[in-house]
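All remarks here apply to the structure that follows.
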Amino acid sequence: MNQSFTVVCSVMEAKLSNQQKDQLENEFLKNYQDVFGTSTRIKILWMSFPEGQAYVAGKPSSNPTMLAPVPDNTDQAKRSVFLYSLLESWVTLSGYKKDQVVISAADQSLADQFMKTNQQRVSSLKRPLMMAKIITRLIRSKIQVGRLESSINL
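Per this note's numbering, the sequence shown starts with residue 2, numbered consecutively.
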């Protein structure tokens with residue numbers, strides 16, 4: 002069964018090199034295919050944030066976050082194997098420690114709902130302009146560095 006997922010990785014600006022991002026993308030695809038089948042495809046969106054704009058427990062944080070959707074109703078055992086494989090990839094390739102990486106393996110329908118809700122935080126009048134800016138940045142980055150990247154700050 003062909004499956005496709007959009008994965009969102011948020012990282013602090015300049016914390017990962019282009020080589021590390023390339024390696025992580027390859028490993029994330031391998032993680033998905035190992036757990037959900039070799040026909041599984043992913044699209045990764047790298048969102049960067051400046052230092053001082055992310056917080057955990059009220060303190061500045063440089064922790065990366067990852068929204069890695071899984072098929073709806075994935076059983077807990079499979080989800081756990083998947084989460085640990087993603088975490089191992091982050092730790093091995095990025096230099097982050099296990100307790101610094103935040104990964105969510107939400108059901109696809111819940112991840113879609115989250116993304117739609119996130120877009121609705123912007124007024125309906127400004128939303129088309131915001132989406133155009135994001136899409137333009139993603140296309141530009143795909144051409145320039147071969148991957149989809151943007152900043153959370155538009």
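Note that the Cβ used here is the ideal one computed from N, Cα and C, for glycine as well. Just so we're clear, the structure is a prediction, and the values are computed from it rather than from any experiment.
- For Ile144, the enclosing alpha helix (DSSP H) starts and ends at 128-146.
- Taking C-beta atoms as the reference points, Ile104 and Ala69 count as a pair closer than 8 Å.
- DSSP places Leu30 inside the alpha helix (DSSP H), whose first and last residues are 19-37.
- Take Ile43, set aside five residues on each side of it, and the residues of its chain with a beta-carbon closer than 6 Å to its own are Phe6, Val8, Leu30, Tyr33, in chain order.
- Between Asp73 and Ser110, the C-beta spacing is below 8 Å.
- For Ser152, the CB contacts under 6 Å within the same chain, skipping 5 residues up- and downstream, are Ser49 in chain order.
- In terms of CA proximity to Ser40, Gln4 leads the group Phe83, Gln4, Val12.
- Between the alpha carbons of Gly147 and Lys22 lies a gap of roughly 11 Å.
- Where Ser90 is concerned, there is no enclosing beta strand (DSSP E), although the alpha helix (DSSP H) around it starts and stops at 77-95.
- Under the Cβ criterion (8 Å, minimum of three pairs), the segment 93-101 does not count as touching the segment 118-138.
- In the three-state DSSP reduction, Lys98 falls in the coil class, being neither helix nor strand.
- In the same chain as Asp108, and ignoring 5 residues on each side of it, the C-beta atoms closer than 8 Å to its own belong to Pro70, Val71, Pro72, Asp73, Asn74, Thr75, in chain order.
- Sorting Lys127, Glu28, Val92, Ala78 by C-alpha distance to the C-alpha of Ile45 places Glu28 at the top.
- Judged by DSSP in its simplified three-state form, Asp108 adopts strand.
- By the C-beta density criterion, Leu130 is exposed, having fewer than 16 other C-beta atoms within 10 angstroms.
- According to DSSP, residue pairing for Lys60 in a beta bridge involves Val57.
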